[in-house]
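S.K.: The opening position of the sequence shown corresponds to residue 8 in the numbering used here, with each subsequent residue numbered one higher.
Next up is a structure, given as structure tokens.
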Amino acid sequence: QSETSIIMDASKYIQNLKKKVERFKEDTAAEQSSSEPTDPTTPMVKVETLEKGFMIKVFSGENQPGMLVSVLEAFEDMGLDVLEARVSCTDSFSLHAMGVKQNEDEGRMDAGAVKQAVTDAITSWGKTNVPPFL
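Spelled out as structure tokens, the structure:
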């Protein structure tokens, strides 16, 4: 391939990623305003397959101290590198992360497996972080 062709391919790839990130931002804003979980302590997990990785969204109507660490550990256990992440932990918990598999030679990973691993990490975290009764 010529140098120009490689640059054009890279430019197209970057534009495609920008569109996906923008769509992700719009989807997330719509989800947060219209479909908050009925139980604010139950996190919502969504995973979208990208060309070379995954877009992972986690949202909870309440701030969940410590949950971020559990989710990032799940990424590490799955062999996912986080390329970009936005986290908000003020009144609610929101994580938007783009991740890619560290070693593509180890086989394919699907969105369902990523979602299950993140959900399992949150469930395990929740069992060890039960709020005390008043």
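All residues carry an ideal CB built from backbone N, CA and C; glycine is no exception.
It should be emphasised that the depicted structure is a prediction, and the values quoted were computed from it without experimental measurement.
Could you tell me the alpha carbon to alpha carbon distance between Leu102 and Arg30, rounded to whole angstroms?
M.R.: Taking the sequence shown and counting its residues from 1, one reaches residue 102 at position 95. Taking the sequence shown and counting its residues from 1, one reaches residue 30 at position 23. One C-alpha to the other measures close to 15 Å.
S.K.: Closest to Lys122 by CA distance: which of Gly106, Leu24, Gln71 and Ser99 is it?
M.R.: As a first step, residue 122 is located in the sequence shown; it is residue number 115 there, counting from the start. The candidate whose alpha carbon is nearest that of Lys122 is Gly106.
S.K.: Whole-angstrom Cβ separation of Val125 and Val76, contact assumed at under 8 Å?
M.R.: Looking up residue 125 in the sequence shown gives position 118. Looking up residue 76 in the sequence shown gives position 69. Val125 to Val76, Cβ: 13 Å. No contact.
S.K.: Report the rounded CA-to-CA distance for Met74 versus Arg115, giving the unit in angstroms.
M.R.: To locate residue 74, count along the sequence shown from 1; it is residue 67. To locate residue 115, count along the sequence shown from 1; it is residue 108. Near 26 Å, if we compare the C-alpha coordinates of Arg115 and Met74.
S.K.: Answer yes or no: do Gln109 and Asp88 have a C-beta to C-beta separation smaller than 9 Å?
M.R.: Within the sequence shown, numbered from 1, the residue matching residue 109 stands at position 102. Within the sequence shown, numbered from 1, the residue matching residue 88 stands at position 81. The answer is yes: Cβ separation under 9 Å.
S.K.: Given a cut-off of 9 Å, decide if Val54 and Met62 are closer than it, judged by their beta-carbon atoms.
M.R.: In the sequence shown, residue 62 corresponds to position 55, counting from 1. In the sequence shown, residue 54 corresponds to position 47, counting from 1. Contact: yes.
S.K.: Rounded to the nearest angstrom, what separates Lys162 and Thr11 at their Cα positions?
M.R.: A question about residue 162 goes unanswered here, because the residues of the chain that appear run from 8 up to 141.
S.K.: Who are the Cβ neighbours of Trp132 in its own chain at under 6 Å, not counting the five residues just before and after it?
M.R.: The sequence position of residue 132 within the sequence shown is 125, counting from 1. Hits under 6 Å: Met74 and Ser77.
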